[in-house]
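Here's the structure we're looking at; comments come further down.
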Amino acid sequence: MKVVLRNPRREVDVPGNRRVKDVLRELAILPETVLVIRGDELVTADQLVSDGDTIELRPVMSGGADTGPASGRPR
Amino acid sequence: MKCRKCGGAAVLELRRHNAAFCAADFQEFFRNQVREAIRKYRMLEREERVLVAVSGGKDSLALWDVLIAEGYDTTGLYLDLGIFDYSVESRARCETFAAAHGVPLLVRQVADEVGAPVPVIQRVTRRPPCSGCGLSKRYLMNRVALEEGIPVVATGHNLDDEAATLFGSVMHWQTEALPRQSPALPSTHPRLVRRVKPLYRLSERETAAYAFLKKIDYIVEECPFAAGATSIAHKEVLSRLEDASPGAKHNFLFGFLDRARPAFERAEAVTLNECVRCGQVTTGTLCAFCKLADQVKRSV
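Top to bottom, those sequences are chains A and B.
In the working numbering, each residue carries its 1-based index in the first sequence increased by 41.
In the working numbering, each residue carries its 1-based index in the second sequence increased by 125.
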């Protein structure tokens, strides 16, 4: 099966016919750090993915400039 | 995996809530969390305008989407940082969203205000790019709100952002920063608008899921300057804790807000002045934004 990764965008091939959480474990990706997308649907970690599937692991972590009030004291 | 509410097929598991939801019930859960945030901290009044700071990313556009759906009178503010293609694409996402929803979007160029875009500011100041970027954003959000007569700025900070900021503050025992870490900051000066974070109860995975399910076209690519940012390192540490102990981030942040923050709040006493040049609020005589602009002008 094909796995699409982001930042930078790339594809890797891994064995299918197992649960999403097993794919994530093989790729050393924490489940809470990505959305798992198949087609136009979200997929939960317990779902099976087959050899013919393509899933996108879309990262959810963003960071950088903090515009929050904690750092927002007017200076 | 079944939806906790309707028993249908779940699309998202929320381990910290020991729950899973289908698409429709997750969106309702999401909106309920925003409603609860607004209610608990009295963030917004129904009749007032809200300036929503948008970056083109998942959090700010999800926030804008919810506030529109909840009937608030919103105006978007996009600050163009001048970060090459990233800024071009993120601005386009905001413009497309605003047009599709029929809501106004204000655009300001950081280069016009500071004298140079963020990549040049970084070179000139020799500070991390996020430093000048964050400073410029905070300043311009407040100033634009004042210029437009809008009493409150809403930002898309989520639970992960807040937990990571708190983690960073505690790691360095920046006790002066702790009282200002709040989902809602009141106006403490006539030239300071209120600032609220209605997504603070939601993780960034939840905001990403909401944006995806609502088919919001957000920019997935990370800011090219964010690589190596300390905030990301803190988030990675917290994500490992969360994986081992679901709810860890939630407990860290909410425990602070409910039990620890008040103690630090009493300790803070700051005198606010108006910058002698621009009139914006500062603790000194010349504000940090004007100092930054001076530094850029001398070097460019």
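For every residue, glycine included, the Cβ atom is placed at its ideal position computed from N, Cα and C.
| Query | Result |
| --- | --- |
| For chain A, find out if any of its Cβ atoms is closer than 8 Å to the Cβ of LYS127 (chain B); answer yes or no. | no |
| Could you give the residue range of the beta strand (DSSP E) that holds PRO100 (chain A)? | 95-100 |
| Would you verify that the beta carbon of LEU68 (chain A) is, or is not, closer than 8 Å to some beta carbon of chain B? | no |
| Just to confirm, are GLY293 (chain B) and SER356 (chain B) a CB contact at a threshold of 8 Å? | yes |
| Please report the residue range of the beta strand (DSSP E) in which GLN234 (chain B) lies. | 230-234 |
| Taking the beta strand (DSSP E) that ARG79 (chain A) falls in, what are its first and last residues? | 75-79 |
| Under 8 Å Cβ-Cβ, which residues of chain A neighbour LEU176 (chain B)? | The premise fails here: LEU176 (chain B) is roughly 13 Å from chain A at the closest Cβ pair, so nothing lies under 8 Å. |
| Pair every Cβ in the region 370-387 of chain B with every Cβ in the region 199-215 of chain B, then say whether three or more of these pairs are closer than 8 Å. | no |
| Between GLY281 (chain B) and CYS400 (chain B), what straight-line distance do the alpha-carbon atoms span, to the nearest angstrom? | 28 Å |
| How far does the alpha helix (DSSP H) with ASP205 (chain B) in it extend, from its first residue to its last? | It is not in any alpha helix (DSSP H) - ASP205 (chain B) instead sits in the beta strand (DSSP E) that spans 198-205. |
| Using 10 angstroms around the beta-carbon of ALA302 (chain B), count the other beta-carbons present and answer buried if the total reaches 16, otherwise exposed. | buried |
| So what's THR250 (chain B) in DSSP terms, helix, strand or just coil? | helix |
| Just verifying my parser: in three-state terms, what is the DSSP assignment at PRO115 (chain A)? | Any reading at PRO115 (chain A) needs caution, since the residue's pLDDT is 34, under 50, leaving its predicted position unreliable; the model's value is listed next. Of the three classes helix, strand and coil, the one that applies to PRO115 (chain A) here is coil, per DSSP. |
| I need the straight-line Cα distance from TYR264 (chain B) to ARG402 (chain B), nearest angstrom please. | 14 Å |
| Return helix, strand or coil for ASP342 (chain B), following the three-state DSSP convention. | coil |
| Quick check on this structure: which residue in B:SER424, B:ARG423 and B:PHE414 has the alpha carbon closest to the alpha carbon of GLY257 (chain B)? | B:PHE414 |
| Hey, out of A:ASP94, A:VAL90, A:GLY104 and A:GLU82, whose CA is closest to TYR335 (chain B)'s CA? | A:GLU82 |
| If you reduce the DSSP assignment to three classes, tell me which class ASN143 (chain B) lands in. | coil |
| Are the region 319-338 of chain B and the region 65-82 of chain A touching by the rule of at least three beta carbon pairs closer than 8 Å? | yes |
| ALA309 (chain B) by DSSP, collapsed to three states: which one? | strand |
| Just list the residues that DSSP pairs LYS127 (chain B) with in beta bridges. | B:ALA134 |
| Which residues in the same chain have their Cβ closer than 7 Å to the Cβ of LEU169 (chain B), if we skip the five residues on either side of it in sequence? | ILE163, VAL175, TYR197, VAL277 and VAL321 |
| Identify which residue in B:GLY201, B:MET126, B:VAL177 and B:GLU347 has its Cα closest to the Cα of PRO28 (chain A). | As displayed, chain A neither begins before 42 nor continues past 116, which places residue 28 (chain A) out of reach and without an answer. |
| Under 8 Å by Cβ, that's how I've got HIS226 (chain B) and ILE193 (chain B) pegged, so tell me the actual separation to the nearest angstrom. | 6 Å |
| Using beta-carbon positions only, say whether GLN306 (chain B) and ARG386 (chain B) come within less than 8 Å of one another. | yes |
| Provide the residue span of the beta strand (DSSP E) that contains VAL45 (chain A), from first to last. | 43-46 |
| In whole angstroms, what is the alpha-carbon distance linking VAL235 (chain B) and GLU220 (chain B)? | 17 Å |
| Please decide whether SER103 (chain A) counts as near chain B, where near means a Cβ-Cβ distance under 8 Å. | yes |
| Using a cut-off of 9 Å between C-beta atoms, extract the partners of ASP368 (chain B) located in chain A. | LEU71, PRO72, GLU73 and THR74 |
| With burial defined as no fewer than 16 other Cβ atoms inside 10 Å of the residue's Cβ, what is the status of ASN296 (chain B): buried or exposed? | Going by the sequence as given, residue 296 (chain B) is Met instead of Asn. By the neighbour-count rule (16 or more Cβ atoms within 10 Å), MET296 (chain B) is not buried but exposed. |
| Along the chain, where does the alpha helix (DSSP H) that runs through VAL421 (chain B) open and close? | 413-424 |
| Taking Cβ positions only, does ARG47 (chain A) come closer than 8 Å to chain B? | yes |
| Start and end of the beta strand (DSSP E) containing GLU52 (chain A)? | 51-54 |
| Ordered along the chain, which non-local residues of its own chain (more than five positions away) have a Cβ less than 7 Å from that of ARG114 (chain A)? | Any answer about ARG114 (chain A) is weak, because its pLDDT of 37 lies below 50 and its placement is not dependable; what the coordinates show is given next. No residues qualify anywhere along the chain. |
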